[in-house]
Amino acid sequence: MRRPRARLLLASLAALALALGFHAPAAGQPACAPTPPDALGPFYEPNAPERTSTGRGLVVAGTVRSASGCAPIPGARVEWWSANSRGEYDQAHRATQAADTEGRYRYETDSPGRYPGRPPHLHARVSAPGHRPLVTQLYPRPGQTALSFDFVLVRD
Numbered sequence: 502m503r504r505p506r507a508r509l510l511l512a513s514l515a516a517l518a519l520a521l522g523f524h525a526p527a528a529g530q531p532a533c534a535p536t537p538p539d540a541l542g543p544f545y546e547p548n549a550p551e552r553t554s555t556g557r558g559l560v561v562a563g564t565v566r567s568a569s570g571c572a573p574i575p576g577a578r579v580e581w582w583s584a585n586s587r588g589e590y591d592q593a594h595r596a597t598q599a600a601d602t603e604g605r606y607r608y609e610t611d612s613p614g615r616y617p618g619r620p621p622h623l624h625a626r627v628s629a630p631g632h633r634p635l636v637t638q639l640y641p642r643p644g645q646t647a648l649s650f651d652f653v654l655v656r657d
């Protein structure tokens with residue numbers, strides 16, 4: 502009885518793999534959905550210090566990719582800013598970093614503070630040559646200590 506189940510499982514997996522192969526994006530279409538943009542907001546300041554940590558408690562990590570082909574973007578620039586635990590924006594919670602040679606980034610910070618009218622959030626501005634800059638916001642859940650997020654940029 503185990504053998505027929507194993508064969509059925511293998512056949513089902515093979516059929517699924519075959520079906521998924523037929524749903525690959527057509528040539529010229531994005532392989533990754535672009536990250537939806539968000540408002541820059543009033544608290545962005547350019548030229549934040551180069552660093553990968555502005556606190557402890559929340560690690561955000563992922564890859565910067567191009568929507569065209571879903572390829573990683575080495576050296577993409579990621580700028581971060583967020584409110585402190587009192588809900589105030591300060592220099593201590595601003596950072597700029599470059600993605601590594603495989604487009605990966607890792608940023609550690611304090612859990613963002615809440616201020617009236619907004620849930621806790623992190624702002625990010627991501628840029629890379631040949632791509633449109635992206636401004637977006639990430640919303641960690643209360644108590645969340647790790648957040649995985651890929652930024653997907655659109656080519657110019």
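Remember, our numbering sits 501 above the position in the sequence shown when you count from 1.
Here a beta-carbon is modelled for each residue, glycine too, at the ideal position from N, C-alpha and C.
It should be emphasised that the depicted structure is a prediction, and the values quoted were computed from it without experimental measurement.
The beta carbon of R566 sits closer than 8 angstroms to those of C533, A572, P573, I574, G604, D651, F652, V653, L654, all from its chain and outside the five residues before and after it, given in chain order. Contact check for S649 against A577 fails: the beta carbons are separated by 8 angstroms or more. Inside the stretch 590-625, DSSP marks whole beta strand (DSSP E) runs of 3 or more residues at positions 590-599, 605-610, from first to last along the chain. Between A625 and V579, the beta carbon gap of about 6 angstroms places them in contact (Cβ cut-off 8 angstroms). Contact between L635 and P538 holds, since their C-beta atoms are separated by about 6 angstroms, short of 8 angstroms. Residue burial is scored here from C-beta neighbours: R595 has at least 16 other C-beta atoms within 10 angstroms and is therefore classed as buried. When rounded, the separation of the alpha-carbon atoms in A599 and N548 is 13 angstroms. In the same chain as T602, and ignoring 5 residues on each side of it, the C-beta atoms closer than 6 angstroms to its own belong to P575, in chain order.
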